[in-house]
Amino acid sequence: MQFQKLELGHIDRLRPYFTQNNCRICDCTIGGTFIWRDFFQTEFALEEDYLYLKAVYLTDDIAFTPPRGPECADKAVYERLVDYCGLTGCTPRLCAVSTPRLEKILALYPNAKTATDRAWSDYLYASEDLKGLAGRKYSGQRNHINKFLKAYDNWTFEEVGPANIGEMSAFFHKYAAQPDSDYPALDECNHKSLEVLDHLDQYGLVGGMLKVSGSVIGAALGETVGDTHFVHIEKADTDYLGAYQMLVNQYAKVFAQDVAFINREEDDGVEGLRKSKLSYHPVQLLDKYVVELA
């Protein structure tokens, strides 16, 4: 196999491999793959209708995402990776393996070694929950939203488009201009948000902005695949009471009308982020595994 560096210009060529995502994890989306391509030093190869992605994963090891292509993949599809690793001297290691895919792999490689980390798990929510915030369990979110509505009666929520995309870009630029050396993944996300906005049609993402008195105080970008909407980027100015709760709710109402689930991705082990995402009561945590093929 001949791997080459994954570039933004490859999106259209590789898009057909991302049109389905039955496992609902963010790593199997256009946004989840291309936004993080530089951070993970991603390379790709195409072999007999299958897409292979090679990356330097979270463990700082070379790893490959499960091949993407025809659903009924036999062992030969994985053995191609095993042979490649034998020639190049790396371990035949898969990353970002969902639980359904793990079961299929273990049927082929029963002696494979597996590992996971809670920090990698995606948060999956029922879209109706985030749109309605109904019931006692969401009383905290509703209280924050009520405080927002009481404090800021001149708020709006807008879909991003050619007429206002510059406003969203200026909002994200403020975060990109303030690097955090202790959280390189956050810095990468902040910078890639600007790239996404510069190439929004190419990425195929949608976005929305929360405004107060005409100024952007929150914004989010995501995409829909199958029955799930994936929120890839989400920022709000916490100086405004209830800004995050209002953004999450309004974004869901606009962009998750026709889907069953919303994926708000992982927490990276950040305590505050974990507490926040748990407070919205996910219906499932989608675990991801690293698998070493025996």
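So in my numbering, spot 234 of the sequence shown is number 628, and the numbers just go up one at a time.
No residue lacks a Cβ here, since even glycine has one placed at the ideal position from N, Cα and C.
Keep in mind the model is a prediction, meaning the values are calculated, not measured.
- When DSSP reads this structure, residue 437 sits in a beta bridge with 399, 448.
- For residue 657, the enclosing beta strand (DSSP E) starts and ends at 655-657.
- By the 16-neighbour rule on beta-carbons within 10 angstroms, residue 613 is buried.
- DSSP places residue 602 in the strand class (E or B) of the three-state scheme.
- With distances taken between CA atoms, residue 562 lies nearest to 592 out of 582, 537, 592, 578.
- In the three-state DSSP reduction, residue 517 falls in the strand class (E or B).
- The beta-bridge partner set that DSSP reports for residue 457 consists of 449.
- A straight line joining the alpha-carbon of residue 479 with that of residue 428 spans about 24 Å.
- Contact annotation, residue 461 with residue 471: C-beta distance approximately 5 Å; criterion of less than 8 Å satisfied.
- With a cutoff of 8 Å on beta-carbon distance, residue 641 and residue 667 are scored as not near each other.
- The alpha-carbon of residue 543 is positioned some 20 Å away from that of residue 674.
- Note on geometry: alpha-carbon atoms of residue 507 and residue 551 lie some 47 Å from one another.
- Within the same chain, and ignoring the five residues on either side of residue 398 in sequence, the residues whose Cβ sits closer than 8 Å to its Cβ are 437, 438, 439.
- In the DSSP assignment, residue 684 falls within the beta strand (DSSP E) that extends over 682-686.
- Within the region 553-581, complete beta strand (DSSP E) segments of at least 3 residues are not found at all.
- Relative to residue 650, the option among 524, 468, 474 whose CA is nearest is 524.
- Secondary structure at residue 590: helix, using DSSP grouped into helix, strand and coil.
- DSSP, read as helix, strand or coil, puts residue 424 in helix.
- Counting along the chain, no alpha helix (DSSP H) covers residue 626; the unbroken beta strand (DSSP E) around it starts and ends at 622-630.
- Excluding the 5 residues flanking it on each side, residue 660 has same chain C-beta neighbours closer than 7 Å at 513, 514, 515, 516, in chain order.
- When the alpha-carbon of residue 658 is set against those of 404, 421, 405, 411, the nearest one is in 421.
- Remark: C-beta atoms of residue 637 and residue 611 approach each other more closely than 8 Å.
- Using a Cβ distance threshold of 8 Å, residue 434 and residue 451 count as a contacting pair.
- Nearest to residue 685 by alpha-carbon distance, out of 584, 491, 541, is 491.
- Residues 418, 419, 492, 515, 516, 518 of the same chain have their beta carbon placed closer than 7 Å to that of residue 680, with the five preceding and five following residues left out of the count.
- As the crow flies, the alpha-carbon of residue 403 is around 29 Å from that of residue 485.
- Residue range 609-619 is occupied by the beta strand (DSSP E) that includes residue 616.
- In the three-state reduction of the DSSP assignment, residue 418 falls in the coil class, being assigned neither a helical nor a strand state.
- One alpha carbon belongs to residue 533, the other to residue 609, and they sit about 28 Å apart.
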